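Written out below as structure tokens is the structure these notes cover.
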Amino acid sequence: MVNSTGASPPYDTLLVRGSLIDGTGHSAYGADIAIKGDRIAAIGELRGARAAEEIDVQGKCLAPGFIDTHTHDDQACMSAATMEPKISQGVTTVVVGNCGVSLAPLDHPSEVPEPINLLGELKDFSYRDFSSYFDAVDAARPGTNVVALVGHSSLRVAAMPDLGRPATQGELDSMMNMLDEAMRAGAGGLSTGVFYPPGRAADSGEVIPLVRKAGEHGGIYATRMRNEHDAVLDSMREAFEAAREGGAPLLISHHKCAGARNRGRSRETLALVDSVRETQDVSLDLYPYDAGSSVLDLDLLEDGMRVLITWSIPHPSASGKYLHDIAREWGCSEREAGRALKPAGACYFFISEEDVRRIIQHPAAMIGSDGLPMDRHPHPRLWGTFPRVIRRYAMEHGLFSVEEAIRKMTSLPAHRFGLHDRGVLAVGNYADLVIFDPVTVADRATYENPTEAAQGIDHVFVNGCLSWSEMQGLPTGYGRLLRRGTIESG
Ligand code: CU
């Protein structure tokens, strides 16, 4: 309501009678919140205070906006800037540049090798350096805030004519310069994807100096490890070594034990994480599903494993169909069908629910959707990850409290990425907020219908501005590029 005296009210927005889940893991409590500009101005008993707008949120939970630690929204945050798949889940900040893949510094991104193409159609997006990429993201006014990592594979593509070998000293020097520019511009750290062909030939002599450069600037080292199947422990040791030698905090991306033979092995991997955490800063993230998704890689096919096609350039109509059905229809083997479908993307059902449940309970486990926004028939994690953790893993399975689920999505990642003024409901912090209905909140996206928006996410505020309302849909454009180590203007 507008203040009738004509004087400007002390607050812009007043959210009254909410159940506050502050992001730290502490129990929910009843209070009101006032927003002024882009910040939380007051928390407590505020009824009667004057505000330009007041929303009664009785019966609803009020939490810090969720931080999606692992995304490939590098291009989507400009070309699909409303960020509807994310904001509709309550996500207010996404971390891009994962798995070694970032949109900068790439001059001719439409000619890049797989899997950089998982970012989508890139011919209209060319950024020689991170400063120009950051300016472009800010100018696009995305619906969520954006934190960007520097992709090692993208550095390689920019610096090396031959990706099939470790970098020469000259090539490494050139990658170091590009990384230095990116970190000075405010990138959050370095990511590698040494599993994927563009990064695979890199050895520790190439990776460790880059990790050190990111660490010198206060950045983190995130890695899509070399192997998440039989050799997962060896790959973890490789990642620990690079982070230790490079002196940067480690983030193991979308931790899993993939493949039928490795079912249950999270017992071993988490024991290793725990022992290393005594001397090293290690965290991990995961998505709450039993299928992974990426480009279609015939090396990942296993007898009896279901594979869902998410997109195919030569056969667009195959999107949403299972590979075994396509093979039967075509009268060929799955491998032959896969070859004909490429370039393509897929969901691989190769993760056991038992491992998802064990990993998600780990105190250092954060939530990262790994959603692929440009896929024609995407993995449902793109639209469903965050409400699914609350509904399925906290409320239905009781693996942890709702407060702990929120901590995994807010203060834990905020701390990991150095976002000191976000991730916790506290006076003076940025007003990135989500208001959800604890009775109805749930994911609705499925493998069959993957683009169904979540339910029960009533309102989302980004930098103090209403950015999603379940009843009204999308205004938008209040997100910012969050530069590491700088105080954002506000
Ligand atoms: Cu990824």
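At position 113 of the sequence shown (counting the first as 1) the number is 115 in our numbering, and the numbers step up by one without a gap. Note that beta-carbon positions come from the ideal geometry of N, C-alpha and C, so glycine has one too. What you are looking at is a predicted structure, and each value in this text was computed from that prediction instead of being measured.
Cβ-heavy atom distance, residue i to ligand 1, below 7 Å
i              : result
arginine 226   : yes
histidine 72   : yes
cysteine 467   : no
asparagine 431 : no
serine 255     : yes
cysteine 101   : yes
aspartate 372  : yes
Bridge-paired residues (DSSP) for residue i
i            : result
glycine 20   : Ala33
leucine 310  : Tyr324 and Cys349
glycine 153  : Ser193
arginine 226 : Gly195
alanine 53   : Tyr13
leucine 435  : Pro66 and Phe463
threonine 95 : Ile69 and Asn147
alanine 44   : Ala36
serine 296   : Ala348
aspartate 58 : Val18
Simplified DSSP assignment, three categories, for residue i
i                 : result
cysteine 63       : strand
methionine 368    : strand
glycine 487       : coil
threonine 73      : coil
arginine 482      : coil
serine 112        : helix
phenylalanine 402 : coil
tyrosine 13       : strand
glycine 340       : helix
serine 471        : strand
lysine 38         : strand
leucine 288       : strand
glutamine 171     : helix
Supposed contact pair residue j and residue i - C-beta distance, whole angstroms, cut 8 Å
i              : j              : result
isoleucine 361 : leucine 274    : Not quite, the Cβ-Cβ distance comes to about 13 Å (not below 8 Å), so this is no contact.
aspartate 131  : glutamate 173  : That pair is no contact at about 17 Å.
valine 466     : alanine 433    : Inspection of the sequence shows that residue 466 is occupied by glycine rather than by valine. With a Cβ gap of about 4 Å, glycine 466 and alanine 433 count as contacting.
valine 98      : aspartate 75   : 5 Å
tryptophan 124 : serine 112     : One detail in the question is off: residue 124 reads as leucine in this sequence, not tryptophan. Indeed they touch by this definition, with Cβ atoms about 5 Å apart.
isoleucine 254 : leucine 286    : 4 Å
glycine 248    : isoleucine 210 : 5 Å
tyrosine 129   : leucine 105    : 6 Å
Within-8 Å CB hit, residue i to chain D
i          : result
valine 426 : You won't find chain D in this structure, because it holds only one protein chain.
Q. Would you say the stretch 74 to 83 touches the stretch 20 to 37, given that touching needs at least three Cβ pairs under 8 Å?
A. For the pair of segments examined, the stretch 74 to 83 was found not to touch the stretch 20 to 37: the number of CB pairs separated by less than 8 Å stays below three.
Q: Answer yes if the stretch 401 to 417 comes into contact with the stretch 367 to 382, meaning at least three C-beta pairs across the two stretches below 8 Å, and no otherwise.
A: In short, these stretches touch, since the Cβ pair count reaches three.
Q.
Does the stretch 90 to 98 come into contact with the stretch 448 to 465, if we say contact requires no fewer than three beta-carbon pairs (one atom in each stretch) closer than 8 Å?
A. Here the stretch 90 to 98 lies against the stretch 448 to 465, with 3 or more beta-carbon pairs under 8 Å apart.
Q: Determine contact between the stretch 388 to 402 and the stretch 294 to 310, defined as no fewer than three beta-carbon pairs at a distance below 8 Å.
A: Touching, no, given that fewer than three Cβ pairs across the two stretches are closer than 8 Å.
Q. So does the stretch 339 to 356 actually touch the stretch 43 to 51, counting three or more Cβ pairs closer than 8 Å?
A. Cβ pair count under 8 Å is below three, so no.
**Q.** Touching by the beta-carbon criterion (3+ pairs, under 8 Å), the stretch 233 to 249 and the stretch 194 to 211
**A.** The stretch 233 to 249 and the stretch 194 to 211 touch, with no fewer than 3 CB-CB distances between them shorter than 8 Å.
Q. Do the stretch 8 to 26 and the stretch 59 to 67 make contact, defined as three or more Cβ pairs closer than 8 Å?
A. The stretch 8 to 26 vs the stretch 59 to 67: in contact.
Q) Looking at C-beta atoms only, is the number of pairs between the stretch 303 to 321 and the stretch 344 to 358 that lie closer than 8 Å three or more? A) Yes, the stretch 303 to 321 touches the stretch 344 to 358.
Q. Is it true that the stretch 227 to 241 meets the stretch 319 to 327, where meeting means three or more beta-carbon pairs spaced less than 8 Å apart?
A. Short answer: they don't touch.
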